[in-house]
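So the sequence shown is residues 10 to 315, counted in my numbering.
Working notes, beginning with the structure itself.
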Amino acid sequence: MKEKKRHRYKWSLKAMRTFEVCARRKSFSAAAEELVVTQGAVSKQIKTLEKNLGLPLFHRQGNRIVLSTEGSELATHLFEMFEDLDILVNKLGPGEAKTPLVVSCEPTVCLKFLLPLVPKIEEDTGVALRVLSGGGPVDFHRHGIDLAIRRDDFNVDQGLEIETIGSEYVGPVMSLERTFASGSEPENYTRIRSSSRPDAWMKWDEQTQKDTLSIDVEHQHHFLALEAAEHGHGIAMMSLYMVARTIDTARLTAPFGFLADGSKYICISPRPIDSDPRKRALVDWLKQRFHDYECLYVTDSRNIGS
10 MKEKKRHRYK WSLKAMRTFE VCARRKSFSA AAEELVVTQG AVSKQIKTLE
60 KNLGLPLFHR QGNRIVLSTE GSELATHLFE MFEDLDILVN KLGPGEAKTP
110 LVVSCEPTVC LKFLLPLVPK IEEDTGVALR VLSGGGPVDF HRHGIDLAIR
160 RDDFNVDQGL EIETIGSEYV GPVMSLERTF ASGSEPENYT RIRSSSRPDA
210 WMKWDEQTQK DTLSIDVEHQ HHFLALEAAE HGHGIAMMSL YMVARTIDTA
260 RLTAPFGFLA DGSKYICISP RPIDSDPRKR ALVDWLKQRF HDYECLYVTD
310 SRNIGS
């Protein structure tokens, strides 16, 4: 049998991978960090690829890089190609076990919202989850994270995919074991705050036209403040989504309702969310759950701080 002539490509898979990361991160230095190589090595790969293809992939604008028209078209195809390749490799793996989607979320979101819902999410979406706890900026490559759930209270790398899953609503909550007198106000109770959201009570007071009073108890973390409220130590300013299930089970009450605080919960991904069916399924499920809670518990459309 005559041997089939081998086709010689004008590019290497390594160079295409390097370009895909540069296009996604919009930075040679950020790409170098993700690929664990030097910035010089990244620049060399891109220059070689541009030479072999005979077209510019980026326009250099000082310290910034901007995709050319051809580079943008190539990047779009590469995003999908590498995601499809990753999904295929997972399917070809040993056994029938599903590769879990690795999700990072803030500690309180993890403990009070996501973890209790994992069995329901997996049943509804068919997506296996592995949940990690973490806050702020996300190092996807180092920790093997596929998707992160965050509140948008920090500067997110605009080279990442960002999708809003719901607006934040907050309100004072307290244990049902505490006697609550009709017509009383939060200042009549021990008020609990957390160091991670130090201005939560002040924003509430401004919106509801109350004077900011002294706070009796402070905890370092948001979830510790919530634990204190659940155990009857006082009244804490909490996110609707972190307490909705506890209210459902009659362990907490929110006597003053919930107001939007102007922030949002977002999902962050290093690649387009639509390119991975697992990510799309989870994000859509979360959007629906956030919407359901909002419909059940939010009756006031005012925005704190507006």
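C-beta atoms are modelled at their ideal positions from N, C-alpha and C, and glycine is treated no differently.
Fair warning: this is a prediction, and the values are worked out from it, not measured in the lab.
| Asked | Found |
| --- | --- |
| Starting from Glu172, trace the alpha helix (DSSP H) both ways and give me its first and last residue. | Segment Glu170 to Ser184 is the beta strand (DSSP E) holding Glu172; no alpha helix (DSSP H) there. |
| Cα separation between Lys48 and Gln297? | With the sequence shown as reference, residue 48 is identified as Gln, and Lys is not the correct amino acid for it. When rounded, the distance between both Cα atoms is 42 Å. |
| List the residues that DSSP assigns as beta-bridge partners of Val112. | Val140 and Leu156 |
| Roughly how many angstroms lie between the CA atoms of Ile201 and Lys288, to the nearest whole one? | 36 Å |
| Please determine if the segment 249-256 and the segment 113-125 are in contact, where contact requires at least 3 C-beta pairs separated by less than 8 Å. | yes |
| Measure the alpha-carbon distance for Thr78 versus Val51 and round it to whole angstroms. | 20 Å |
| Are the CB atoms of Lys212 and Asp270 nearer to each other than 8 Å? | yes |
| Between the segment 58-65 and the segment 19-31, are three or more C-beta pairs nearer than 8 Å? | yes |
| Can you tell me which of the three DSSP states His68 falls into? | strand |
| Just the Cα atoms here: how many angstroms apart are Leu261 and Leu138? | 28 Å |
| Between the segment 79-95 and the segment 60-70, can you find at least three pairs of beta-carbon atoms closer than 8 Å? | yes |
| With burial defined as no fewer than 16 other Cβ atoms inside 10 Å of the residue's Cβ, what is the status of Phe122: buried or exposed? | buried |
| Using the three-state DSSP reduction, which class does Tyr18 fall into: helix, strand or coil? | coil |
| Closer than 7 Å by C-beta to Gly153: which residues in its own chain qualify, once you throw out the five before and the five after it? Chain order, please. | Val111 |
| Counting along the chain, where does the alpha helix (DSSP H) carrying His228 start and finish? | No alpha helix (DSSP H) contains His228, which is instead part of the beta strand (DSSP E) from Val226 to His228. |
| Identify every run of the alpha helix (DSSP H) within the segment 209-275, keeping only runs that are complete inside it and at least 4 residues long; order them along the chain. | 209-216, 231-239 and 249-257 |
| Note down, in chain order, each residue of its chain lying with its Cβ closer than 6 Å to the Cβ of Ala40, except the 5 sequence neighbours on either side. | Val30, Cys31, Arg34 and Val51 |
| Apply the 10 Å Cβ neighbour rule to Pro207 and answer buried if 16 or more other Cβ atoms are within range, or exposed otherwise. | exposed |
| Could you pull out every residue in the same chain whose Cβ sits closer than 8 Å to the Cβ of Val292, ignoring the five residues on either side in sequence? | Leu156, Glu172, Ile174, Cys276 and Ile282 |
| Determine the extent of the alpha helix (DSSP H) in which Arg280 is found, giving its start and end residues. | Element bounds for Arg280: n/a, residue is neither H nor E. |
| So is Leu235 buried or exposed if we call it buried at 16+ other beta carbons inside 10 Å? | buried |
| Measure the Cβ-Cβ separation of Gly168 and Ser36 and say whether it is below 8 Å. | yes |
| Quick check on the DSSP output: the beta strand (DSSP E) that includes Ser52 runs from which residue to which? | It is not in any beta strand (DSSP E) - Ser52 instead sits in the alpha helix (DSSP H) that spans Gln48 to Leu62. |
| Helix or strand or just coil, what does DSSP make of Ser204? | coil |
| Considering only the alpha carbon of each residue, which of Ala245, Lys129 and Ser272 lies closest to Ala263? | Ala245 |
| Cα separation between Thr108 and Leu97? | 11 Å |
| Terminal residues of the continuous beta strand (DSSP E) containing Val147? | Unbroken run through Val147: none, as it is neither H nor E. |
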